[in-house]
């Protein structure tokens with residue numbers, strides 16, 4: 002059974018296994034940046050503390066308050082999902098409110114769809130924001146399907162600074178992230 006949990010050092014071993022599966026690729030939604038040491042237990046503990054404190058970010062340097070959850074199945078780290086509490090101009094253009102990533106061994110099992118739907122439900126219960134922005138690379142068909150299954154409506158496709166393209170979707174939280182992917186608005 003999948004769960005969303007706050008980042009916790011008890012997942013150190015499982016996260017380390019997942020980190021190896023990513024093989025140096027960026028893990029969306031994890032809050033893992035260059036310079037973060039997750040290879041040692043002490044470094045991992047410091048990083049988990051940083052994630053726990055991210056909700057209190059003051060916006061300095063473009064870093065907005067962010068809530069991180071880990072997607073778990075028992076004691077196994079399966080992925081992560083993050084909610085940025087508001088959008089800066091840069092996030093409005095290309096980052097969005099929500100980012101997520103599922104470890105390679107667990108992809109194709111509906112994990113991302115479950116996690117996105119769960120986060121949207123939690124946000125809708127809070128009553129704000131009214132809608133959330135998500136982005137994905139134009140060639141990432143799996144992520145596009147995940148967002149669309151959760152009610153995402155494509156606003157546009159834009160060029161990125163590396164010559165690629167990315168999609169921008171909005172999910173209306175007032176109507177929920179529906180199981181069938183529809184959204185009446």
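Residue numbers (the working numbering): 2 to 186. Positions of the beta carbon are idealized from the N, C-alpha and C atoms, including for glycine. Treat the numbers as computed from the prediction; the structure is a model and nothing was measured.
Sorting 168, 159, 127 and 63 by C-alpha distance to the C-alpha of residue 147 places 168 at the top.
The beta-bridge partner set that DSSP reports for residue 148 is empty. Residue 56 is positioned such that its CB atom lies no closer than 7 angstroms to that of residue 10. Of 35, 40 and 92, the smallest CA-CA separation from residue 63 is found for 92. When DSSP states are grouped into helix, strand and coil, residue 78 belongs to the strand group. Judged by pairs of C-beta atoms under 8 angstroms, the segment 107-119 does not touch the segment 154-162, as fewer than three such pairs exist. Contact fails between the segment 106-115 and the segment 124-134, because fewer than three Cβ pairs, one in each stretch, are under 8 angstroms apart. Non-local beta-carbon contacts of residue 44 in its own chain, meaning distances under 8 angstroms to residues more than five positions away in sequence, involve 37 and 38 in chain order. In the structure shown, residue 13 falls within a helical segment according to DSSP collapsed to helix, strand and coil.
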